[in-house]
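Sequence order for the protein chains is S and Z.
Counting along the first sequence from 1, when you hit position 201 you're at 201 in full-length UniProt numbering, and nothing is skipped either side.
Counting along the second sequence from 1, when you hit position 52 you're at 52 in full-length UniProt numbering, and nothing is skipped either side.
All C-beta atoms, glycine included, are put in the ideal place defined by N, C-alpha and C.
Working notes for the structure below.
There are 2 protein chains.
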Amino acid sequence: MRQLHLNLFIHGRGHHEAAWRHPAASPLGLADIRYYTGLAQQAEAGLFDSIFLADTLAVGDDVAHAPRAWLEPVTALAAIAGATRRIGLIATCSTTYTEPYNLARQFASLDHISGGRVGWNIVTTWLAAAGRNYGEEAQPSHAGRYARAEEYMQAVTALWDSWADDAVLDDRAAGRYAAPGRIRRIDHAGAHYRVAGPLNLPRGPQGRPVFVQAGSSETGRGFAARHAEAVFTAQMEKATAVEFYADLKARAAALGRPANQVLVLPGLCPVIGGTEAEAQRIWRELGDLSDPEVGRQRLSGRFGGHDFTHLPLDRPLAPEDFPDPATVQAARSRTEVIVGLVRREAPTLRQLLDYLAGARGHFVTLGTPEQVADLIEDWFTTGAADGFNLMPPVLPAMLGGFIEQVVPLLQRRGLFRREYGAETLRGHYGLPRPEARFPGHP
Amino acid sequence: MRQLHLNLFIHGRGHHEAAWRHPAASPLGLADIRYYTGLAQQAEAGLFDSIFLADTLAVGDDVAHAPRAWLEPVTALAAIAGATRRIGLIATCSTTYTEPYNLARQFASLDHISGGRVGWNIVTTWLAAAGRNYGEEAQPSHAGRYARAEEYMQAVTALWDSWADDAVLDDRAAGRYAAPGRIRRIDHAGAHYRVAGPLNLPRGPQGRPVFVQAGSSETGRGFAARHAEAVFTAQMEKATAVEFYADLKARAAALGRPANQVLVLPGLCPVIGGTEAEAQRIWRELGDLSDPEVGRQRLSGRFGGHDFTHLPLDRPLAPEDFPDPATVQAARSRTEVIVGLVRREAPTLRQLLDYLAGARGHFVTLGTPEQVADLIEDWFTTGAADGFNLMPPVLPAMLGGFIEQVVPLLQRRGLFRREYGAETLRGHYGLPRPEARFPGHP
Chain S
1 MRQLHLNLFI HGRGHHEAAW RHPAASPLGL ADIRYYTGLA QQAEAGLFDS IFLADTLAVG
61 DDVAHAPRAW LEPVTALAAI AGATRRIGLI ATCSTTYTEP YNLARQFASL DHISGGRVGW
121 NIVTTWLAAA GRNYGEEAQP SHAGRYARAE EYMQAVTALW DSWADDAVLD DRAAGRYAAP
181 GRIRRIDHAG AHYRVAGPLN LPRGPQGRPV FVQAGSSETG RGFAARHAEA VFTAQMEKAT
241 AVEFYADLKA RAAALGRPAN QVLVLPGLCP VIGGTEAEAQ RIWRELGDLS DPEVGRQRLS
301 GRFGGHDFTH LPLDRPLAPE DFPDPATVQA ARSRTEVIVG LVRREAPTLR QLLDYLAGAR
361 GHFVTLGTPE QVADLIEDWF TTGAADGFNL MPPVLPAMLG GFIEQVVPLL QRRGLFRREY
421 GAETLRGHYG LPRPEARFPG HP
Chain Z
1 MRQLHLNLFI HGRGHHEAAW RHPAASPLGL ADIRYYTGLA QQAEAGLFDS IFLADTLAVG
61 DDVAHAPRAW LEPVTALAAI AGATRRIGLI ATCSTTYTEP YNLARQFASL DHISGGRVGW
121 NIVTTWLAAA GRNYGEEAQP SHAGRYARAE EYMQAVTALW DSWADDAVLD DRAAGRYAAP
181 GRIRRIDHAG AHYRVAGPLN LPRGPQGRPV FVQAGSSETG RGFAARHAEA VFTAQMEKAT
241 AVEFYADLKA RAAALGRPAN QVLVLPGLCP VIGGTEAEAQ RIWRELGDLS DPEVGRQRLS
301 GRFGGHDFTH LPLDRPLAPE DFPDPATVQA ARSRTEVIVG LVRREAPTLR QLLDYLAGAR
361 GHFVTLGTPE QVADLIEDWF TTGAADGFNL MPPVLPAMLG GFIEQVVPLL QRRGLFRREY
421 GAETLRGHYG LPRPEARFPG HP
């Protein structure tokens, strides 16, 4: 039977905007590695496939009012690797602001360190403030970032393939460390990058990290269909999730890729109560801790700095209140999702901010453990998801609630593993281990 | 009483060129994190101040005959941090090939992860093959690399100082995460870098990583006097070590820096036997495992690819057999040391390669534990060293021998700690914690 995949998305003290202030949130600081290690161990005890650290390459303007700072993902996951044994470890890293040789090395090293458990969430970085931390006056356009990312993928994949799996002999008696024909230069020379190679460490247990992607714009979907092995996506309703799922699988199939090698994992923020009323109470409690002005500033950031200052909180919104998503050189797909919601439901700004506070435009559901399990089963069995990018509102408490109350229901229904069946992230996700391709050297 | 500092330099399966083939070397692979973790724990049990991982940004041409590949240092040390509690962790990272914002973040993150134990070995990277992995046809000149490195230090130091120590409030009740006046942009805009800042994580326990440097050329000494808090240096005899020590302390003093805040740690490769004859036997055994043609190729690499192919192994060398070190755009100080040795002692090429095989131009000494302790005490008390960058010929066995046989002698003489007295690397090295300087914002 087809099995569900669960990834824990670690973000601040939870995904709700006010999580960091909630009494059930972790008492630890956000630069304390024990916080992250503890969550990873908790998710591993819950048999999750993986954990995931997002990233932003600049501190948020609203850091006075919200925790916009965290450990750097690659170093954090290297530390977490030693404190876990099975769970996959997915780090975000930017193609726009990291040298290909450095990225390829660090992820290969992480794959060795973790025994084959690393995944790379490929981002092109849309934040103008990030560009200013990397010498740029104006950030490259959305299309420009993706064009560079395409070439970047060629270069780093070639680096990961520059050592054959059997390259290391380590023959101490004969004094032969490596089989020389099995380590090759890549001589990548494109419009944006020149990388001679080979990489300076042996191929990792997984060959390459698992490729994860989260861009859902038209350009992002094309990129995901070509490269991604797992896709994190933000969907605000099942109908769009089904559309996205079908579209991405079709795009992958058109490129000759098997549908089960491109997993679609929508974000899911479950607010779980013993009764529906209790879930509602928890949600209101979180809303009461939120500041709509923090939300307004965040919304402005999403729309490339657009000024929403004068928009009243309590009149219904119209699409005309927003700039055209096609003109936003940012995380375009998320802006499309928000304007789509406004078009369908005409919420007030206060209602919109209240919803976005839950999980920043990902799907939020309130209910009992049974209801959450029903929703997961429904999306999983009717073409909306291969699993979920779980975004608990408050960490670690509401991850604990999900593991204790929802996971057993999923197991009882035969949807989720009762023990780990594999050692690597590729194994958990059911993905093949790629052969080294030796590009440029047929 | 002034105390000796000991750093374990981890390199392959030991510092002797043939270590990887030696029967006493670790059975683990060189991409196996357990190898590095085990050495760090061993050094910590021996109360060492720190461990150190060097780095090279390209695979060696002679990888067929020697292990020229290893884990990436930053990720490896993040993993080691969790497996150790007290020992300092020093990673090499290149100013020429790493974005300042990325380096500042990863080292700040490592400092948080390790609880204030991280050091940064600042290198400008001299290898032409490295440049070709980063888009360069020709590598920047020796002087050009150092000019960029000066500006780089300004930018990363400003990033580490962009959060005041008291910036994080994490006041959950009041909804105030940070004191906004205590997190500031750096707006660095120089000839080579533009970095707006601030950094996106709080200041680490040490404020900044401990700055380590190993360039010993004229330019390198000036850079070390300005920035380094510990200097690893390669000296082939005590006389040059004394000269270097006095020169560096004088340069630092001229800049107003206290002499005890620039520690000088020469490399030391001790070949220890129960008797002198046994030490000689161990040395010959290692020599017998070495291939002079591997050494010849390495020597060529040191001299910027100069061709030594036709030089006979067994006639005495003269300085004219080498290119002028001033013309070598590489690790210039090491080439000066080698040509100096040739001028003084006129060894044959075979003898030179045999010596360099021991520790690549660092000081090698053969003797009993008493003799090694005598040498350490002599250098330490007569102005040649503040401690040593220990380079055991074979790992982990010969580190174990040093800890079991030499460390107790040093302790008995009152030269070395009997327990850790501090929690951070700055504490071990006796260095102050720097105040945040808030550059550009007086």
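I need the straight-line Cα distance from residue i to residue j, nearest angstrom please.
| i | j | result |
| --- | --- | --- |
| Glu151 (chain S) | Glu99 (chain S) | 12 Å |
| Leu169 (chain S) | Glu17 (chain Z) | 17 Å |
| Leu4 (chain S) | Leu349 (chain S) | 35 Å |
| Asp314 (chain Z) | Leu110 (chain S) | 46 Å |
| Pro442 (chain S) | Arg184 (chain S) | In this prediction, Pro442 (chain S) has a pLDDT of 41, which is less than 50 and means its spatial position is unreliable; what the coordinates show is noted afterwards. One C-alpha to the other measures close to 11 Å. |
| Val406 (chain S) | Leu431 (chain S) | 26 Å |
| Ser50 (chain Z) | Leu425 (chain Z) | 7 Å |
| Gly440 (chain S) | Trp163 (chain S) | With a pLDDT of only 46 at Gly440 (chain S), under the threshold of 50, the placement of this residue in the model should not be trusted; the figure read from the coordinates follows. Going from the Cα of Gly440 (chain S) to the Cα of Trp163 (chain S) covers about 13 Å. |
| Leu127 (chain Z) | Val262 (chain Z) | 27 Å |
| Gly267 (chain S) | Ala318 (chain S) | 25 Å |
| Ala43 (chain Z) | Ala76 (chain S) | 23 Å |
| residue 458 (chain Z) | Met236 (chain S) | Nothing can be reported for residue 458 (chain Z), as the shown portion of chain Z is limited to 1 through 442. |
| Gly358 (chain S) | Asp288 (chain S) | 12 Å |
| Leu390 (chain S) | Gly14 (chain S) | 11 Å |
| Asn7 (chain S) | Arg68 (chain Z) | 36 Å |
In the DSSP assignment, find the unbroken beta strand (DSSP E) run with residue i in it and report its ends.
| i | result |
| --- | --- |
| Tyr177 (chain Z) | Arg176 to Ala178 |
| Asp170 (chain Z) | Val168 to Asp171 |
| Trp120 (chain Z) | Val118 to Val123 |
| Ile33 (chain Z) | No beta strand (DSSP E) contains Ile33 (chain Z), which is instead part of the alpha helix (DSSP H) from Ile33 to Ala45. |
| Ser333 (chain S) | That residue, Ser333 (chain S), is in no beta strand (DSSP E); its alpha helix (DSSP H) goes Arg332 to Glu345. |
| Pro369 (chain Z) | Careful: Pro369 (chain Z) lies outside any beta strand (DSSP E), inside the alpha helix (DSSP H) at Pro369 to Thr381. |
| Ala91 (chain S) | Gly88 to Ser94 |
Is there a C-beta anywhere in chain Z that falls below 8 Å from the one on residue i?
| i | result |
| --- | --- |
| Ser109 (chain S) | yes |
| Trp126 (chain S) | no |
| Pro432 (chain S) | no |
| Glu293 (chain S) | no |
| His65 (chain S) | yes |
| Ile272 (chain S) | no |
| Asn121 (chain S) | no |
| Pro319 (chain S) | no |
| Arg437 (chain S) | no |
| Asp307 (chain S) | no |
| Trp379 (chain S) | no |
| Gly82 (chain S) | yes |
| His11 (chain S) | no |
| Glu72 (chain S) | yes |
Opposite residue i in the DSSP bridges: which residues?
| i | result |
| --- | --- |
| Val74 (chain Z) | Beta-bridge pairing links Val74 (chain Z) to no other residue. |
| Gln213 (chain S) | S:Ile122 and S:Val231 |
| Asn7 (chain S) | S:Ser50 and S:Asn389 |
| Leu395 (chain S) | Answer is none; Leu395 (chain S) lacks a bridge partner. |
| Phe363 (chain Z) | Z:Leu268 |
| Ala183 (chain S) | The question names Ala, but residue 183 (chain S) in the sequence shown is Ile. Per DSSP, S:Trp163. |
| Arg194 (chain S) | S:Ala189 |
| Pro316 (chain Z) | Z:Thr348 |
| Leu201 (chain S) | Answer is none; Leu201 (chain S) lacks a bridge partner. |
Is it true that the CB of residue j sits closer than 8 Å to the CB of residue i?
| i | j | result |
| --- | --- | --- |
| Ala422 (chain Z) | His428 (chain Z) | yes |
| His65 (chain Z) | Arg176 (chain S) | yes |
| Leu53 (chain Z) | Ile10 (chain Z) | yes |
| Ala40 (chain S) | Thr95 (chain S) | no |
| Leu71 (chain S) | Tyr36 (chain S) | yes |
Grab the span of the alpha helix (DSSP H) containing residue i for me, first residue to last.
| i | result |
| --- | --- |
| Trp283 (chain Z) | Glu276 to Asp288 |
| Leu103 (chain S) | Pro100 to Ser114 |
| Leu409 (chain S) | Val407 to Arg412 |
| Pro292 (chain S) | Pro292 to Arg302 |
Counting only C-beta atoms, is residue i closer than 8 Å to chain S at any point?
| i | result |
| --- | --- |
| His16 (chain Z) | no |
| Pro140 (chain Z) | no |
| Glu99 (chain Z) | yes |
| Gly440 (chain Z) | Caution applies to Gly440 (chain Z), whose pLDDT of 46 falls short of 50 and renders its modelled position unreliable; the model cannot decide the point. |
| Glu218 (chain Z) | no |
| Pro347 (chain Z) | no |
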